[in-house]
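**Q** I'd like to ask you about the structure that follows.
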Amino acid sequence: MNRLRLLLLLSLTVFSNLLIAQEVAPGLKDIYKDHFYIGAAIDMHYLGKDQSPELDIVRRHCSAIAPENLLKWGSMNPRPGVYNFDATDKYVKFGTDNKMFIVGHVLFWHNQTPDWVFLNDAGETVSRDELLGRMRQRVALLAKRYGSKINAWDVVNEAIEDDGTLRKSKFQEIIGDDWIVEAFKIANDEFPAEVELYYNDYNMPIDAKRQRIIRLIEEIKAAGARVDGVGIQCHWSLDWPSVELAEQTIKQLALTGADIHISEMDITVLSWPYKIPQGSDINDYPQFQDEFNPYRNGLPSEVEVRQGQRYRDLFQLFVKYSDKVKRVSFWGVQDGHSWCNDYPVKNCRNYPLIFDRELKPKEAFEQIYHLLD
Numbered sequence: 000m001n002r003l004r005l006l007l008l009l010s011l012t013v014f015s016n017l018l019i020a021q022e023v024a025p026g027l028k029d030i031y032k033d034h035f036y037i038g039a040a041i042d043m044h045y046l047g048k049d050q051s052p053e054l055d056i057v058r059r060h061c062s063a064i065a066p067e068n069l070l071k072w073g074s075m076n077p078r079p080g081v082y083n084f085d086a087t088d089k090y091v092k093f094g095t096d097n098k099m100f101i102v103g104h105v106l107f108w109h110n111q112t113p114d115w116v117f118l119n120d121a122g123e124t125v126s127r128d129e130l131l132g133r134m135r136q137r138v139a140l141l142a143k144r145y146g147s148k149i150n151a152w153d154v155v156n157e158a159i160e161d162d163g164t165l166r167k168s169k170f171q172e173i174i175g176d177d178w179i180v181e182a183f184k185i186a187n188d189e190f191p192a193e194v195e196l197y198y199n200d201y202n203m204p205i206d207a208k209r210q211r212i213i214r215l216i217e218e219i220k221a222a223g224a225r226v227d228g229v230g231i232q233c234h235w236s237l238d239w240p241s242v243e244l245a246e247q248t249i250k251q252l253a254l255t256g257a258d259i260h261i262s263e264m265d266i267t268v269l270s271w272p273y274k275i276p277q278g279s280d281i282n283d284y285p286q287f288q289d290e291f292n293p294y295r296n297g298l299p300s301e302v303e304v305r306q307g308q309r310y311r312d313l314f315q316l317f318v319k320y321s322d323k324v325k326r327v328s329f330w331g332v333q334d335g336h337s338w339c340n341d342y343p344v345k346n347c348r349n350y351p352l353i354f355d356r357e358l359k360p361k362e363a364f365e366q367i368y369h370l371l372d
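According to numbering that gives the first Met the number 0, the stretch in the sequence shown is residues 0 to 372, in order.
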């Protein structure tokens, strides 16, 4: 009887120790705490649930968050005088409760801005001064409500084309080529000094685009406003950009004095569907399923391994420049809820993140988890 009791006690001790080991196993945020924040984009898809295993992953592994859509102008303020503060308040509370670095995304973007912003009561296009006034009202409202609870803002998003020209948008059309500078001046005026201000964009490894963004940062500073950080979106593929080109991008942008933020990271495993009109549904083109949607029944192990090595190579680069890289944020939590399943063609089955649809860690997770071992 004593022997049986001893064996039982030993078994319970081993089991207890295993549980303790699981509880104290470090998250990604702990592993990289001496290098940069680890972040993820979340939205009401998770925040609106009583129980969300995705948010449990974020709590364990992330020290920073960004919102996918809920702080964009169209989501937060779809009509004059109508505000969806319930969603934005939940977002800020989640970050505050979990002591995270909270990013506001985004103040001004050519997309997802409601038409009313650009029109007067008669349905006519507003003047430059009127639009600048509405932009200031938006920033002042957010500054008053959240102050420095939101630690940083993407002030302007995706305003430069790949060829280095200014994107033609309603903001540019009505205000003029200086609209980005004016946006940063407004943000600089309205937010507390400790709130960081960022410019955010994709395809920065393209030289013409990168050089124009560098000049833009200089123009904003010359106008007396701040640019505290630049967000490199990193919606990249298995092949592009090369690590060497990514390094060149980080080094050149860092010379501006702005912190580097890997702001929207995912690695697509699909080819660009150049034979299909952008925005189409892949199901309408069955003849191209095998070419552009080849992993409908699961990701082959060899592709997952290749993606894992890609994540590892890039994280190795970010660690190398961790004196300049302040944050690395994934654009989403798990493969099933990623914009990459619907862009540039809808209903493609993609696998761009480090957790799969069942919330299991992928090879990419294992590679970056053990990178610093």
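Think of the CB as a built atom: it goes at the ideal place given N, C-alpha and C, for glycine as much as any other residue.
At 3 residues or longer, what runs of the beta strand (DSSP E) sit wholly inside the region 34-95?
**A** Listed in chain order, the complete beta strand (DSSP E) runs (minimum 3 residues) inside the region 34-95 are 36-41 and 63-66.
**Q** With three or more C-beta pairs closer than 8 Å as the rule, is the region 176-191 touching the region 199-219?
**A** Yes: the two stretches touch, three or more of their Cβ pairs being nearer than 8 Å.
**Q** Is the beta carbon of Asp-238 closer than 8 Å to that of Phe-329?
**A** Cβ atoms of Phe-329 and Asp-238: not closer than 8 Å.
**Q** Pull up the distance between the alpha-carbon of Arg-225 and that of Pro-276, whole angstroms please.
**A** Computed Cα separation, rounded: 40 Å.
**Q** How close, in whole Å, do the beta carbons of Ala-158 and Pro-204 come, if the pair is a contact with beta carbons under 8 Å?
**A** Contact flag wrong, Cβ pair sits at about 18 Å.
**Q** Mapping DSSP to helix, strand and coil, what is Val-116?
**A** Three-state DSSP puts Val-116 in a helix.
**Q** CA-CA distance, Asp-283 and Gly-307?
**A** Roughly 31 Å between the two C-alpha positions.
**Q** Bridge partners for Leu-165 per DSSP, in chain order?
**A** According to DSSP, Leu-165 bridges with Ile-159.
**Q** Identify which residue in His-260, Gly-146, Val-242 and Glu-303 has its Cα closest to the Cα of Leu-313.
**A** Looking at the Cα atoms, Val-242 is the closest of the given residues.
**Q** Report yes if the C-beta distance between Glu-290 and Glu-362 is below 8 Å; otherwise report no.
**A** Not a contact, by the Cβ cut-off of 8 Å.
**Q** When the Cα of Arg-211 is compared with those of Pro-240, Glu-172, Gln-232 and Gln-251, which residue comes out closest?
**A** It is Gln-251 whose Cα lies nearest to the Cα of Arg-211.
**Q** Look up Thr-248 in the DSSP assignment and say whether it is helix, strand or coil.
**A** The answer is helix: DSSP assigns Thr-248 an H, G or I state.
**Q** Within 10 Å of its beta-carbon, does Gln-286 have 16 or more other beta-carbons around it, so buried, or fewer, so exposed?
**A** Result: exposed.
**Q** Please name the residue or residues paired with Leu-360 in a DSSP beta bridge.
**A** Note that residue 360 is Pro in the sequence shown, not Leu. Phe-354.
**Q** Throw me the rounded Cβ distance for the Gly-223 and Ala-257 pair, which I believe falls under 8 Å.
**A** Rounded, the Cβ-Cβ distance is 16 Å, inconsistent with contact.
**Q** In whole angstroms, what is the alpha-carbon distance linking Arg-135 and Phe-107?
**A** Roughly 11 Å separates the two Cα atoms.
**Q** Exposed or buried, which one is Ala-186 when buried takes at least 16 other CB atoms within 10 Å?
**A** Buried, because 16 or more other Cβ atoms sit within 10 Å of the Cβ of Ala-186.
**Q** Under 8 Å, with one C-beta from each stretch per pair, do the region 141-153 and the region 92-103 reach the 3-pair mark?
**A** In short, these stretches touch, since the Cβ pair count reaches three.
**Q** Give the straight-line distance between the Cα atoms of Ile-373 and Gly-38, rounded to the nearest whole angstrom.
**A** Since the first and last residues shown for the chain are 0 and 372, residue 373 lies out of range.
**Q** According to DSSP, is Ala-151 part of a helix, a strand, or is it coil?
**A** Three-state result, Ala-151: strand.
**Q** Pick out whichever of Glu-129, Ser-262 and Gln-288 has its Cα sitting closest to the Cα of Lys-274.
**A** Ranking Glu-129, Ser-262 and Gln-288 by Cα distance to Lys-274 puts Gln-288 first.
**Q** How many Å lie between Leu-370 and Leu-165 at the Cα?
**A** Taking the straight line from one Cα to the other gives about 39 Å.
**Q** Here's the rule I'm using: 16 or more other beta-carbon atoms within 10 Å means buried, otherwise exposed. How should Arg-326 be labelled?
**A** The residue is buried, with at least 16 neighbouring Cβ atoms inside 10 Å.
**Q** Let me make sure I understand the geometry here. Which of Val-116, Pro-299, Ile-56 and Ser-51 has the alpha-carbon closest to that of Lys-71?
**A** For the residues Val-116, Pro-299, Ile-56 and Ser-51, the minimum Cα distance to Lys-71 belongs to Val-116.
**Q** Which partner residues of Phe-314 appear in the DSSP bridge assignment?
**A** Partner(s): none; Phe-314 has no beta bridge.
**Q** According to DSSP, what are the bridge partners of Glu-195?
**A** Partner(s): Ala-151.
**Q** Where does Leu-130 land, buried or exposed, given buried means 16+ other C-beta within 10 angstroms?
**A** Looking at its Cβ environment, which holds 16 or more other Cβ atoms inside 10 Å, Leu-130 is buried.
**Q** What residue range is occupied by the uninterrupted alpha helix (DSSP H) comprising Ile-212?
**A** Start and end: 206-221.
**Q** Does the Cβ-Cβ distance between Ala-63 and Tyr-36 come in under 8 Å?
**A** Going by C-beta atoms, Ala-63 is nearer than 8 Å to Tyr-36.
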